[in-house]
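Before any comments, here is the structure.
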Amino acid sequence: MLCSLSQARSLRLVLICFIGISFCPQRSFPLSLSSPSPPPGASTSPRKKHQQRVKPIPYVATTSTVEHSRCLTQYLREGDKVLELGTQLDASSTNILNAIGSTGHATLVDVKRTETKSGRTSQGTRDRDKFLANDGATNYKFIELEQFSNWRMVLDANQDSPFDVMVLDATAMLGNDLELTALSVISEFVDDCLRRNHRPRAVVVKSKAISSLARRVVHAQRLMDGTVERNLKSRSRDGRPYIVTSVGVEEYRRTIPHVVQQGDKIVEVGCFSGVTTALLHAAASPGGCIGCDIGPKIIERAKKEHPDMEFFVGDAWKSLDLLRMKSRSNLQGAPGDLDGYDVIYADIGGLSGPDGTLESLSLLNGLGYALEPRCVVIKSLCMRRLASSLRAYSDDWEKGNRNRDGKFAAHK
Ligand SMILES: C[S@@+](CC[C@H](N)C(=O)[O-])C[C@H]1O[C@@H](n2cnc3c(N)ncnc32)[C@H](O)[C@@H]1O
Numbered sequence: 000m001l002c003s004l005s006q007a008r009s010l011r012l013v014l015i016c017f018i019g020i021s022f023c024p025q026r027s028f029p030l031s032l033s034s035p036s037p038p039p040g041a042s043t044s045p046r047k048k049h050q051q052r053v054k055p056i057p058y059v060a061t062t063s064t065v066e067h068s069r070c071l072t073q074y075l076r077e078g079d080k081v082l083e084l085g086t087q088l089d090a091s092s093t094n095i096l097n098a099i100g101s102t103g104h105a106t107l108v109d110v111k112r113t114e115t116k117s118g119r120t121s122q123g124t125r126d127r128d129k130f131l132a133n134d135g136a137t138n139y140k141f142i143e144l145e146q147f148s149n150w151r152m153v154l155d156a157n158q159d160s161p162f163d164v165m166v167l168d169a170t171a172m173l174g175n176d177l178e179l180t181a182l183s184v185i186s187e188f189v190d191d192c193l194r195r196n197h198r199p200r201a202v203v204v205k206s207k208a209i210s211s212l213a214r215r216v217v218h219a220q221r222l223m224d225g226t227v228e229r230n231l232k233s234r235s236r237d238g239r240p241y242i243v244t245s246v247g248v249e250e251y252r253r254t255i256p257h258v259v260q261q262g263d264k265i266v267e268v269g270c271f272s273g274v275t276t277a278l279l280h281a282a283a284s285p286g287g288c289i290g291c292d293i294g295p296k297i298i299e300r301a302k303k304e305h306p307d308m309e310f311f312v313g314d315a316w317k318s319l320d321l322l323r324m325k326s327r328s329n330l331q332g333a334p335g336d337l338d339g340y341d342v343i344y345a346d347i348g349g350l351s352g353p354d355g356t357l358e359s360l361s362l363l364n365g366l367g368y369a370l371e372p373r374c375v376v377i378k379s380l381c382m383r384r385l386a387s388s389l390r391a392y393s394d395d396w397e398k399g400n401r402n403r404d405g406k407f408a409a410h411k
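Numbering follows numbering that gives the first Met the number 0, in which position 58 of the sequence shown is assigned residue number 57; successive positions increment by one, without gaps.
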């Protein structure tokens, strides 16, 4: 059957969309490798494989020195092999050495720092000579790297006996508390371990940015079954958007009552024929939802199927265009209204490839900073896996210290 060029193009877009809905690659970005392949010889009928879900590797984020110390005590065990990246040779390193005992071993790694005139390092806290001279412990090795990127050599050097836990002080190691860089280090570490058929037990990361992300990333399934409680109808503590991670269009749509409130102004990016957009529009009334898709033919179809709603051709990555769309729509408030959207639903497919997590986070950051939504709901397997792993230690601590009546017990 012959078809015109434009028909072929729209067929391609429909195919892309279908692939986006139907296929979720199992082997993907390391961050998402919470279900590594079973050991050789294990029985692997698809059904059994599904039932024997491997528990996700926890990535625990801490913010303060006190929190970090508590967390290390909780997650480390005697005999562990630990990699501490960005070591300050301070209380954190001492805690690690104490927790793993004489049968464990720690590799403490940092980049070389220049000393100031006062003899302190540029970080101002590390007193390397004191640590190295005083502790007398033999269960560690200290490595100073010429440059940060060389940290991978430490993994290569430990091929035969990989690490059980990685501890990363993001600010000290990376010089800046940037979530994407810290997450890519974590993913490289986890991926390297899994490639060697070794499953690390945990990653502990001291980072305000990762901790904020951990508090804001919400696993849609856990939200719906009540395991996780978040009030997505008001802003997060630090004002940055909540990110609800869903898998499959059904679950994506089932988030609506948990996220949307009357009066919300919403955009769905990757709206296809507008089925979800219509549900969002109804839930947000007297506010509303507009739909946006990169495919002109798709938008024509959406307009035909939902003549009373507004749809626009646009690219999810072009945040300014998404803002312009609002100003051309019925969602626009008073003249000069520069507000973004209350909620964004994003379902653009293609975010489950090898770099799916970092791509999704870049998209989410772009949308978050430009449009300042209260909440973004994203359909992405990689982000969902990240949500399964990532947790803020402060949340665990609060839960662990809450009495049965919901009040907080005094911290000891
Ligand atoms: C899985 S379909 C969306 C299904 C729809 N959200 C629903 O609930 O029925 C993915 C859509 O994303 C669109 N898309 C892909 N990349 C995009 C981009 N960069 N910006 C906007 N839309 C995009 C595709 O054209 C496709 O229609």
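Every residue, glycine too, gets a C-beta built ideally from N, C-alpha and C.
No experiment lies behind these values; they were computed from the predicted model shown.
Where residue i sits in the DSSP three-state scheme
| i | result |
| --- | --- |
| Ile-255 | helix |
| Arg-300 | helix |
| Ser-31 | Model confidence at Ser-31 stands at a pLDDT of 37, short of 50, so the residue's coordinates are unreliable; what they give is reported in the following sentence. In this structure, Ser-31 counts as helix in the three-state DSSP scheme. |
| Ala-105 | strand |
| Ala-136 | coil |
| Phe-271 | coil |
| Phe-141 | strand |
| Ile-377 | strand |
| Asp-155 | helix |
| Asp-394 | helix |
| Asp-336 | coil |
| Phe-147 | helix |
| Ala-386 | helix |
Option nearest residue i by Cα separation, candidates the options
| i | options | result |
| --- | --- | --- |
| Pro-334 | Phe-130, Lys-325, Thr-72 | Lys-325 |
| Asp-191 | Lys-205, Thr-106, Ser-160, Asp-176 | Ser-160 |
| Glu-74 | Arg-229, Val-204, Met-152 | Sequence inspection shows Tyr at residue 74; the Glu mentioned does not correspond to that position. Answer by Cα proximity: Val-204. |
| Glu-397 | Lys-54, Pro-55, Glu-66, Tyr-58 | Glu-66 |
| Val-108 | Leu-167, Ile-99, Pro-306 | Leu-167 |
| Thr-137 | Gln-146, Ala-169, Asn-157, Thr-102 | Thr-102 |
| Ser-91 | Pro-57, Val-266, Thr-64, Ile-209 | Thr-64 |
| Val-217 | Gly-313, His-104, Val-376, Cys-288 | Val-376 |
| Ile-242 | Lys-302, Ser-387, Phe-310, Ile-56 | Ser-387 |
| Arg-373 | Leu-330, Ile-99, Thr-226, Gln-260 | Gln-260 |
| Lys-378 | Gln-220, Lys-140, Ala-277 | Gln-220 |
Any non-hydrogen atom of ligand 1 within 6 Å of residue i CB
| i | result |
| --- | --- |
| Ile-265 | no |
| Phe-271 | yes |
| Asp-314 | yes |
| Gly-294 | yes |
| Thr-275 | yes |
| Gly-348 | yes |
Burial state of residue i, where buried means 16 or more other Cβ atoms lie within 10 Å
| i | result |
| --- | --- |
| Glu-358 | buried |
| Met-152 | exposed |
| Asp-346 | buried |
| Pro-38 | Residue placement at Pro-38 is flagged as unreliable, the pLDDT there being 38, under the threshold of 50; a coordinate-derived value is accordingly withheld. |
| Ile-297 | buried |
| Lys-111 | exposed |
Cutoff 7 Å: residue i Cβ touching any chain B Cβ
| i | result |
| --- | --- |
| Val-342 | Reference to chain B is not applicable here, since this structure consists of a single protein chain. |
Identity of the residues DSSP links to residue i by a beta bridge
| i | result |
| --- | --- |
| His-218 | Thr-244 |
| Thr-61 | Lys-205 |
| Leu-84 | Val-108, Leu-167 |
| Val-184 | DSSP output for Val-184 lists no bridge partner at all. |
| Lys-264 | Gly-287 |
| Tyr-344 | Glu-267, Val-376 |
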